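Visitor:
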């Protein structure tokens, strides 16, 4: 997988170099514009409202106790199965949107003026991964307020040999794998924004004293604080 990342990124770096030579400027946003292009906080806040695979739902249909219950689990295909209603797509819906769809189906067949309330009562823990030169590499729980600084702090901070000026964050954006480099010192000093870390992210802290595939990968990322797409699924 690393080899495919490296191959694709080398090609991307060559394209960027050509564009810079012809225009004198990078064609990609940097600094504050990069954070505007990748609104981590807005994306996370919106996603937090949506039902996900694995969520356990409480469904209340007033006057219909046989349809009500708190053990509806969204299966791997994104649906729940309700007596008298059948399969209903729940994933990527808000609880209110799902309740409205159930009301519509019940009204069309069985129940006069149904009233439905849906709520998420249990959710599988979302996580991110920290790898490389930190005190405690591993998998950690992602919270809505998790940032790059707090994520690395959870991993017991960078080691003395860590390249804190070149922290890699890998993420899926629009179904594609993407990567970015961040300067931890600039973030600590307030010279760069502290980006939000989302569920599924991988943070890689490379070692200045070691030769590794991660170091080779980092060399192909031409700009700091900028997401670059790596490969398609």
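Numbering (the numbering used here), first residue to last: 1 to 233.
Just so you know, even glycine gets a beta-carbon here, dropped at the ideal spot from N, CA and C.
Quick caveat: nothing in here was measured; it's all calculated off a predicted structure.
Going along the chain, which residues of its own chain have a beta-carbon closer than 6 Å to the beta-carbon of residue 186, five neighbours each way excluded?
Guide: As a working note, residue 186 is residue 186 in the chain shown. So the qualifying residues of the chain are 192.
Visitor: Would you call residue 199 buried or exposed, if buried means 16 or more other Cβ atoms sit within 10 Å of its Cβ?
Guide: Locating residue 199 in the chain shown gives position 199, where the first residue counts as 1. Burial call: buried.
Visitor: Specify the secondary structure class of residue 87 as computed by DSSP and reduced to three states.
Guide: On the chain shown, position 87 is the one that residue 87 refers to. Residue 87: strand per DSSP, three-state reduction.
Visitor: The alpha helix (DSSP H) that contains residue 122, what's its start and end?
Guide: Stepping through the chain shown from its first residue, residue 122 is reached at position 122. Taken as a continuous stretch (DSSP letters only), residue 122 belongs to no alpha helix (DSSP H), being part of the beta strand (DSSP E) at 116-122.
Visitor: Just to confirm before moving on: does the CB-CB distance between residue 114 and residue 108 stay below 7 Å?
Guide: Numbered from its first residue, the chain shown carries residue 114 at position 114. Numbered from its first residue, the chain shown carries residue 108 at position 108. Taking 7 Å as the Cβ cut-off, residue 114 and residue 108 do not qualify as a contacting pair.
Visitor: When burial is assigned at 16 or more other CB atoms within 10 Å of the CB, is residue 153 buried or exposed?
Guide: By one-based count along the chain shown, residue 153 stands at place 153. Classification of residue 153: exposed, given that the 10 Å Cβ count is below 16.
Visitor: Kindly indicate which residue of 51, 68, 64 and 94 has the alpha-carbon position closest to the one of residue 74.
Guide: Sequence index remark: in the chain shown, residue 74 carries index 74 (1-based). Measuring from the Cα of residue 74, the nearest candidate turns out to be 51.
Visitor: In terms of residues, what are the limits of the alpha helix (DSSP H) holding residue 155?
Guide: Mapped onto the chain shown, residue 155 falls at position 155. Unbroken run through residue 155: none, as it is neither H nor E.
Visitor: Could you pull out every residue in the same chain whose Cβ sits closer than 6 Å to the Cβ of residue 159, ignoring the five residues on either side in sequence?
Guide: In the chain shown, residue 159 corresponds to position 159, counting from 1. Cβ neighbours of residue 159 beyond the five flanking positions: 133.
Visitor: Output the distance between the C-alpha atoms of residue 170 and residue 179, rounded to the nearest integer angstrom.
Guide: Against the chain shown, residue 170 aligns to sequence position 170. Against the chain shown, residue 179 aligns to sequence position 179. Going from the Cα of residue 170 to the Cα of residue 179 covers about 4 Å.
Visitor: Leaving aside the five residues before and after residue 111 along the sequence, list all residues of the same chain whose C-beta is less than 8 Å from its C-beta, in chain order.
Guide: Taking the first residue of the chain shown as 1, we reach residue 111 at position 111. Here the set comprises 61, 63 and 64.
Visitor: Okay, do the segment 137-149 and the segment 120-129 touch, 3+ Cβ pairs below 8 Å being the bar?
Guide: Contact between the segment 137-149 and the segment 120-129 is present, because at least three Cβ pairs lie under 8 Å.
Visitor: How many Å lie between residue 86 and residue 123 at the Cα?
Guide: Translated into positions along the chain shown, residue 86 becomes position 86. Translated into positions along the chain shown, residue 123 becomes position 123. Cα to Cα, the separation comes out at about 23 Å.
Visitor: Quick test of your reading: residue 82 and residue 98, contact by CB under 8 Å. State the CB separation rounded to the nearest angstrom.
Guide: Here residue 82 refers to the residue found at position 82 when the chain shown is read from its first residue. Here residue 98 refers to the residue found at position 98 when the chain shown is read from its first residue. Going by Cβ atoms, the distance from residue 82 to residue 98 rounds to 10 Å, so no, they are not a contact pair.
Visitor: To which residues of the same chain is residue 70 closer than 8 Å at the C-beta, ignoring the five residues directly before and after it?
Guide: What you label residue 70 is simply residue 70 of the chain shown in a count that begins at 1. So the list reads 56, 57, 58, 59 and 121, once near-sequence residues are dropped.
Visitor: In the structure shown, what three-state DSSP assignment does residue 145 receive?
Guide: On the chain shown, position 145 is the one that residue 145 refers to. Looking at residue 145 - three-state DSSP - the assignment turns out to be coil, as it is neither helix nor strand.
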